[in-house]
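Report on the following structure.
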Amino acid sequence: MEAGHRLRLVVAATDLGYASPAVPAGYTVAVEGPLAVPTAPGLSTQAAALPWWVWGLPLLGLAGAAALLLTARRRTTAPAPDPELAAVPLQITGLSKKYKGGDRYSVRDLSFRVEQGQVLGLLGPNGAGKTTTLRMLMGLITPDEGEIRVFGQAIRPGAPVLSRVGSFVEGAGFLPHLSGRENLDLYWKATGRPAEDAHVDEALRIANLGGALERAVRTYSQGMRQRLALAQAMLGLPDLLILDEPTNGLDPPQIREMREVMIRYAAGGRTVIVSSHLLAEVEQSCTHLVVMDRGGWCRPDRSPRSPATATPSW
Numbered sequence: 001m002e003a004g005h006r007l008r009l010v011v012a013a014t015d016l017g018y019a020s021p022a023v024p025a026g027y028t029v030a031v032e033g034p035l036a037v038p039t040a041p042g043l044s045t046q047a048a049a050l051p052w053w054v055w056g057l058p059l060l061g062l063a064g065a066a067a068l069l070l071t072a073r074r075r076t077t078a079p080a081p082d083p084e085l086a087a088v089p090l091q092i093t094g095l096s097k098k099y100k101g102g103d104r105y106s107v108r109d110l111s112f113r114v115e116q117g118q119v120l121g122l123l124g125p126n127g128a129g130k131t132t133t134l135r136m137l138m139g140l141i142t143p144d145e146g147e148i149r150v151f152g153q154a155i156r157p158g159a160p161v162l163s164r165v166g167s168f169v170e171g172a173g174f175l176p177h178l179s180g181r182e183n184l185d186l187y188w189k190a191t192g193r194p195a196e197d198a199h200v201d202e203a204l205r206i207a208n209l210g211g212a213l214e215r216a217v218r219t220y221s222q223g224m225r226q227r228l229a230l231a232q233a234m235l236g237l238p239d240l241l242i243l244d245e246p247t248n249g250l251d252p253p254q255i256r257e258m259r260e261v262m263i264r265y266a267a268g269g270r271t272v273i274v275s276s277h278l279l280a281e282v283e284q285s286c287t288h289l290v291v292m293d294r295g296g297w298c299r300p301d302r303s304p305r306s307p308a309t310a311t312p313s314w
């Protein structure tokens with residue numbers, strides 16, 4: 001052994017017959033004279049080379065990431081804005097979507113246009129493609145065909161024009177231990193936009209939550225949760241408000257309140273799109289209507305997927 005090196009020898013018995021004494025004791029073992037360790041001078045070894053995957057896998061990962069980045073940029077590059085549609089809240093042209101593994105289109109050849117101040121209803125039974133349409137409108141899923149333009153801007157995931165859109169699609173998630181106001185504040189902070197742009201008081205006045213805003217969300221009824229979700233969608237007073245069956249689970253008085261909220265919001269020159277499967281409800285709250293069934297669409301007085309006017313109306 002080289003000078004300054006240290007060798008530690010640990011001896012342990014596995015037979016209880018050689019168990020250590022029950023009384024704690026210390027032992028020191030010393031080697032008399034220099035310690036000789038057997039060696040094999042005729043044996044020589046070389047350091048093993050690194051396997052290929054140590055350097056190959058990182059390179060393959062970088063190549064894959066570069067390919068994904070390039071294809072994603074190419075896929076999400078939006079067409080140029082259309083100046084003629086700059087004042088049009090929404091125009092959908094030839095929209096189609098078929099989910100992977102499905103045997104039919106969820107939405108097929110859907111086209112309509114919405115103007116400012118309108119309350120447009122998407123009417124149809126469950127499975128008609130209403131929610132799929134709204135999810136494509138929000139950039140949550142990508143259509144197979146067709147185009148969606150909001151204020152002249154083509155919709156892609158994360159498109160800047162989506163900051164002018166408020167949505168309530170497939171329910172809203174809240175932290176139950178926080179109050180309604182704390183949930184709204186937390187949501188707005190997550191957007192990274194200035195607090196003065198939230199217009200919280202105006203959204204709450206339209207939603208009409210009252211004193212319940214200071215209570216924990218876990219104490220809310222279904223109707224109160226729906227109104228809180230509506231207030232969240234209206235934060236920032238977006239020019240286009242999208243609501244996916246907001247009256248689900250509400251009793252008649254709550255449905256009437258929700259209807260009045262949508263009408264008040266559109267009265268200020270903004271636009272509301274609401275999906276529903278209740279004909280009587282859209283008759284009382286919507287100014288215009290698109291009827292959907294099995295992914296297709298029609299005017300009330302025509303067969304499904306027949307040509308219709310640019311703005312189908314009731």
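The sequence shown: position 313 = 313 (the numbering used here), numbered continuously.
Note that beta-carbon positions come from the ideal geometry of N, C-alpha and C, so glycine has one too.
Assignment of Glu-2 by DSSP, reduced to helix, strand and coil, places it in the coil class. Contact annotation: the region 98–105 does not touch the region 148–167, with fewer than three C-beta pairs closer than 8 Å.
Counting of Cβ neighbours within 10 angstroms places Asn-183 among the buried residues, the total reaching 16 or more. DSSP places Asp-293 inside the beta strand (DSSP E), whose first and last residues are 288–293. Listed in chain order, the beta strand (DSSP E) elements of length 3 or more contained wholly in the region 63–135 are 90–97, 107–114 and 119–123.
When Cβ pairs closer than 8 Å are counted between the two stretches, the region 125–132 is seen not to touch the region 60–70, the count staying below three. The alpha-carbon of Arg-264 is positioned some 12 Å away from that of Glu-202. Contact check for Arg-218 and Pro-252: beta-carbon distance about 25 Å, past the 8 Å limit, so the pair fails to qualify. Leu-134 and Glu-196 have their C-alpha atoms spaced approximately 28 Å apart. Tyr-187 and Ala-231 have their alpha carbons spaced roughly 11 Å apart. Distances from the alpha-carbon of Ala-198 to those of Gly-210, Val-114, Arg-164 and Val-119 put Arg-164 closest. When secondary structure is reduced to three states using DSSP, Leu-50 falls in the coil class, being assigned neither helix nor strand.
The Cβ atoms of Leu-85 and Arg-149 sit closer than 7 Å to each other.
In the three-state reduction of the DSSP assignment, Val-29 falls in the coil class. Look at the beta carbons and you see the region 253–263 not touching the region 108–117: under three pairs across the two are nearer than 8 Å. Annotated as proximal: Ser-167 and Met-138, with beta-carbon spacing under 7 Å.
Within the model, the alpha-carbon separation for Ala-65 versus Met-258 is close to 47 Å.
In summary, Met-234 is buried, with 16 or more beta-carbon neighbours lying within 10 Å of its beta-carbon over all protein chains present. Gly-211 places its beta carbon 7 Å or farther from that of Gln-254.
Each residue's CA atom was taken as its position, placing Gln-91 and Phe-174 some 31 Å apart. CA-to-CA, the gap between Asp-144 and Lys-98 works out to about 7 Å. In the DSSP annotation of this structure, Ser-167 is not part of any alpha helix (DSSP H); the continuous beta strand (DSSP E) holding it starts and ends at 165–168. For Trp-55 and Thr-45, the gap between their C-alpha atoms comes out near 23 Å. Between Val-114 and Ile-273, the beta carbon gap of about 7 Å places them in contact (Cβ cut-off 8 Å). Annotation: the continuous alpha helix (DSSP H) that includes Glu-281 extends over 279–285.
For Asp-244, the beta-bridge partners assigned by DSSP are Ser-275.
By DSSP's assignment, Ala-229 forms no beta bridge with any residue.
Relative to Ile-141, the option among Ala-25, Leu-50, Glu-283 and Val-169 whose CA is nearest is Val-169.
Cα atoms of Glu-283 and Glu-147: separation of roughly 28 Å, rounded to the nearest angstrom.
Apart from sequence neighbours up to five positions away, no residue of its chain approaches Arg-205 with a beta-carbon distance below 8 Å.
Here the alpha carbon of Ala-3 sits roughly 13 Å from the alpha carbon of Ala-36.
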